[in-house]
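In the working numbering, each residue's number is its place in the sequence shown (first place is 1) plus 200.
Below is one structure, written out as structure tokens, with a few remarks after it.
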Amino acid sequence: MTRRALLAMAVTPAFAADHLNRAPVSHENLTVKFPEAVPVKLSNGVTLLAIEDNRLPIALVRFQVEDAGTIFSPHPGLAECTAEMLTEGGGGRSGKQIADEAARLGTTLTSSAPAAAEAALADGSGLTSRFSEWLELLTGVVMHPSFPADEFNVLRQRWLVRRRLFGTQPSNLADEALLRLTYGSHPAAITIPSAESLGTLTPEMLAAWHRERYTPAKMVVLCIGRVRTSAFASNMEKILGGWKAAEANPSPPPPPQPASARRIVLIDRPGAAQTELAIGGLLMERRDPDFISMVVLNGVLGGTVSSRLFRILRDEKGYAYNAGSTYGAFRFPGFWRVKAGVRTDATADSLAIILGQLRRLCDEPVPAAELDRSKSNAVGSFALRLEQPSQVINQSYLRYRYGFSADYWERYAAKVNAVTAAETQAVAQKYLTADRAHIVAVGDAARIRPALEKLGKVEA
Numbered sequence: 201m202t203r204r205a206l207l208a209m210a211v212t213p214a215f216a217a218d219h220l221n222r223a224p225v226s227h228e229n230l231t232v233k234f235p236e237a238v239p240v241k242l243s244n245g246v247t248l249l250a251i252e253d254n255r256l257p258i259a260l261v262r263f264q265v266e267d268a269g270t271i272f273s274p275h276p277g278l279a280e281c282t283a284e285m286l287t288e289g290g291g292g293r294s295g296k297q298i299a300d301e302a303a304r305l306g307t308t309l310t311s312s313a314p315a316a317a318e319a320a321l322a323d324g325s326g327l328t329s330r331f332s333e334w335l336e337l338l339t340g341v342v343m344h345p346s347f348p349a350d351e352f353n354v355l356r357q358r359w360l361v362r363r364r365l366f367g368t369q370p371s372n373l374a375d376e377a378l379l380r381l382t383y384g385s386h387p388a389a390i391t392i393p394s395a396e397s398l399g400t401l402t403p404e405m406l407a408a409w410h411r412e413r414y415t416p417a418k419m420v421v422l423c424i425g426r427v428r429t430s431a432f433a434s435n436m437e438k439i440l441g442g443w444k445a446a447e448a449n450p451s452p453p454p455p456p457q458p459a460s461a462r463r464i465v466l467i468d469r470p471g472a473a474q475t476e477l478a479i480g481g482l483l484m485e486r487r488d489p490d491f492i493s494m495v496v497l498n499g500v501l502g503g504t505v506s507s508r509l510f511r512i513l514r515d516e517k518g519y520a521y522n523a524g525s526t527y528g529a530f531r532f533p534g535f536w537r538v539k540a541g542v543r544t545d546a547t548a549d550s551l552a553i554i555l556g557q558l559r560r561l562c563d564e565p566v567p568a569a570e571l572d573r574s575k576s577n578a579v580g581s582f583a584l585r586l587e588q589p590s591q592v593i594n595q596s597y598l599r600y601r602y603g604f605s606a607d608y609w610e611r612y613a614a615k616v617n618a619v620t621a622a623e624t625q626a627v628a629q630k631y632l633t634a635d636r637a638h639i640v641a642v643g644d645a646a647r648i649r650p651a652l653e654k655l656g657k658v659e660a
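Here it is, written out as structure tokens:
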């Protein structure tokens with residue numbers, strides 16, 4: 201068998217299951233020297249984080265606009281549309297001129313404000329031989345967007361179409377409903393703005409949001425690539441140093457509170473051959489010491505193809521094509537979520553298996569072999585991320601944003617490997633209790649309601 205064929209087979213679930221108990225697990229800690237991006241403050245308050253990486257003749261620059269993200273937005277869709285409009289006109293150019301210039305320079309420009317995010321982003325990447333030219337293009341759209349009405353109307357129509365398409369997917373409906381149950385009135389509950397919210401936005405509202413939130417004091421500019429850090433700081437002082445704006449210090453919304461009792465929501469899709477299940481709740485903040493244990497715990501529960509839920513629901517039972525778990529953590533409480541699209545006739549059994557595994561994590565320590573496998577997967581994934589410049593600079597930003605120690609990422613693998621079964625069990629008992637986990641089911645209500653009603657009151 202060729203090496204390529206073997207590698208292709210190795211990523212399939214069947215191969216992973218077959219080799220579950222034979223894959224070697226290393227108990228040695230991964231040793232890395234994470235490049236340090238020392239924060240540099242410009243005269244007007246802009247913070248720079250730059251890493252010189254000479255492996256390729258390219259660079260990535262990211263404007264991270266703190267407190268301009270969706271969780272700070274007083275109007276759903278305002279932060280998202282403001283961010284996306286940056287590349288539709290700015291720096292004295294129209295949207296078409298920006299696109300044409302980016303194509304001429306061989307650069308890619310993107311801007312966004314992701315759901316449940318604290319910051320808005322504007323990225324530029326391209327060859328370092330044209331670095332100064334495309335950097336000027338990027339900074340122009342961030343500092344001086346024009347918010348043309350015609351381009352805004354086109355953008356709003358795209359969002360409205362996106363909203364309609366989003367609502368046609370059962371998996372999206374399950375995610376959206378679970379986030380509402382998890383976060384309540386907190387802005388992190390909003391996956392995508394409603395048509396009503398989008399309909400009331402105006403270019404003037406976007407321009408006002410930009411003036412208020414896109415300010416030097418809230419701007420962190422990241423750079424990684426074949427660019428000398430001293431030269432980057434000098435160039436940015438020339439480009440951005442004269443940019444002045446009043447500093448805004450908005451307060452984040454009150455943190456969401458954990459549920460005192462489970463809620464169960466059923467979204468009817470008559471005749472559906474499959475039930476989309478989403479089960480979850482609130483988690484810790486990113487800075488919480490429990491986070492590392494959650495990394496390992498998620499790997500046991502459903503984070504990989506060797507995890508319990510994937511193995512049982514797909515490989516052993518054949519109830520689902522895909523099943524697993526995920527989590528997120530921020531400067532406010534994050535979330536955990538189990539997802540599975542299961543056969544309608546297997547809904548009751550699938551729920552029993554998922555809730556049973558949550559109880560098992562709370563009641564029993566994870567066996568040593570299973571714990572070691574999850575740690576190995578987590579450390580291996582971390583090592584792979586270090587091969588991507590975008591991930592390196594992003595992790596450097598996280599270290600800065602959360603106030604982690606200078607050697608946080610050097611010690612990350614050792615901290616993962618030090619997690620004990622008792623620690624994962626304690627985290628499960630704190631956050632993943634089956635009796636408090638919210639449940640959302642999207643499917644044929646006539647067939648699946650009885651299984652849900654056995655667990656509690658069902659909301660439509």
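Yeah, the Cβ is synthetic: ideal placement off N, Cα and C, and Gly gets one too.
Cα-Cα separation between residue i and residue j, rounded to whole angstroms
{"i": "Gly-442", "j": "Ala-448", "result": "18 Å"}
{"i": "Leu-373", "j": "Gly-367", "result": "6 Å"}
{"i": "Arg-573", "j": "Asn-254", "result": "34 Å"}
{"i": "Arg-560", "j": "Gln-629", "result": "10 Å"}
{"i": "Gly-471", "j": "Ala-315", "result": "31 Å"}
{"i": "Phe-535", "j": "Gly-528", "result": "5 Å"}
{"i": "Ala-322", "j": "Leu-335", "result": "11 Å"}
{"i": "Pro-213", "j": "Ala-395", "result": "Annotation note: pLDDT 46 at Pro-213 (below 50); position unreliable, coordinate value reported separately. Their Cα atoms are separated by approximately 39 Å."}
{"i": "Ile-648", "j": "Val-579", "result": "40 Å"}
{"i": "Ile-593", "j": "Asp-644", "result": "45 Å"}
{"i": "Arg-363", "j": "Glu-476", "result": "19 Å"}
{"i": "Leu-558", "j": "Lys-444", "result": "52 Å"}
{"i": "Phe-263", "j": "Thr-310", "result": "11 Å"}
{"i": "Leu-513", "j": "Arg-611", "result": "35 Å"}
{"i": "Ser-525", "j": "Arg-537", "result": "6 Å"}
{"i": "Gly-304", "j": "Ile-258", "result": "Contrary to the premise, residue 304 reads as Arg rather than Gly in this sequence. About 16 Å."}
{"i": "Trp-359", "j": "Leu-398", "result": "8 Å"}
{"i": "Val-427", "j": "Ile-639", "result": "49 Å"}
Environment of residue i [buried if 16+ CB atoms lie within 10 Å]
{"i": "Asn-353", "result": "exposed"}
{"i": "Leu-256", "result": "exposed"}
{"i": "Gln-474", "result": "buried"}
{"i": "Gly-277", "result": "buried"}
{"i": "Lys-575", "result": "buried"}
{"i": "Glu-318", "result": "buried"}
{"i": "Thr-307", "result": "buried"}
{"i": "Ser-273", "result": "buried"}
{"i": "Gly-556", "result": "exposed"}
{"i": "Tyr-521", "result": "exposed"}
{"i": "Leu-440", "result": "buried"}
Cβ shell of residue i (< 6 Å), same chain only, five flanking positions each side left out
{"i": "Pro-458", "result": "Leu-482"}
{"i": "Gly-291", "result": "Gly-340, Val-341, His-344"}
{"i": "Ile-390", "result": "Pro-276"}
Residue from the options with nearest C-alpha to residue i
{"i": "Ala-660", "options": "Ala-651, Val-642, Lys-654", "result": "Val-642"}
{"i": "Ala-279", "options": "Phe-491, Ala-259, Ile-392, Val-361", "result": "Ile-392"}
{"i": "Ala-540", "options": "Lys-517, Glu-610, Gly-291, Leu-321", "result": "Lys-517"}
{"i": "Leu-249", "options": "Cys-562, Val-465, Met-419", "result": "Met-419"}
{"i": "Arg-293", "options": "Pro-348, Thr-310, Val-496, Phe-263", "result": "Pro-348"}
{"i": "Lys-657", "options": "Arg-537, Ala-461, Asn-577", "result": "Ala-461"}
{"i": "Ser-312", "options": "Ile-271, Asp-323, Ser-590, Ala-283", "result": "Ala-283"}
{"i": "Ile-251", "options": "Ala-621, Gln-588, Phe-604", "result": "Gln-588"}
{"i": "Thr-270", "options": "Pro-450, Pro-567, Ala-431", "result": "Pro-450"}
{"i": "Gln-297", "options": "Gly-425, Ile-639, Leu-337", "result": "Leu-337"}
{"i": "Phe-234", "options": "Lys-444, Tyr-608, Pro-650, Ala-621", "result": "Tyr-608"}
{"i": "Ser-590", "options": "Ile-424, Leu-381, Ser-371, Leu-360", "result": "Ile-424"}
{"i": "Val-500", "options": "Asn-577, Arg-463, Glu-437, Pro-489", "result": "Asn-577"}
{"i": "Pro-489", "options": "Ser-332, Asn-498, Ala-303, Lys-615", "result": "Lys-615"}
Close beta carbons around residue i, own chain, < 7 Å, minus the five adjacent residues each side
{"i": "Arg-413", "result": "Val-265, Asp-267, Ala-268, Ala-448"}
{"i": "Ser-493", "result": "Val-619, Glu-623, Thr-624, Val-627"}
{"i": "Ala-417", "result": "Gly-245, Glu-447"}
{"i": "Arg-222", "result": "Since pLDDT at Arg-222 reaches only 49, below the 50 mark, its modelled position is unreliable, and the value read off the structure follows with that caveat. Within the same chain, Arg-222 has no close Cβ partners at all."}
{"i": "Leu-355", "result": "Cys-281, Glu-284, Met-285, Glu-288"}
{"i": "Ala-583", "result": "Leu-230"}
{"i": "Ala-299", "result": "none"}
{"i": "Arg-469", "result": "Pro-370, Val-642, Gly-643, Asp-644"}
Nonlocal neighbours in the same chain, by C-beta distance under 8 Å from residue i, ignoring five residues either side
{"i": "Pro-455", "result": "His-386, Phe-532, Pro-533"}
{"i": "Glu-653", "result": "none"}
{"i": "Ala-606", "result": "Glu-236, Arg-599"}
{"i": "Ala-431", "result": "none"}
7 Å Cβ cutoff, residue i in contact with chain B
{"i": "Val-354", "result": "Protein chains in the displayed structure number just one, and chain B is not present."}
Three or more C-beta pairs closer than 8 Å, one from the region 319–331 and one from the region 381–399: is that the case here? no
I want to know whether the region 596–604 touches the region 547–554 - three or more CB-CB distances under 8 Å. no
Do three or more CB pairs link the region 234–247 to the region 285–301 at distances below 8 Å? no
Please determine if the region 398–415 and the region 501–515 are in contact, where contact requires at least 3 C-beta pairs separated by less than 8 Å. no
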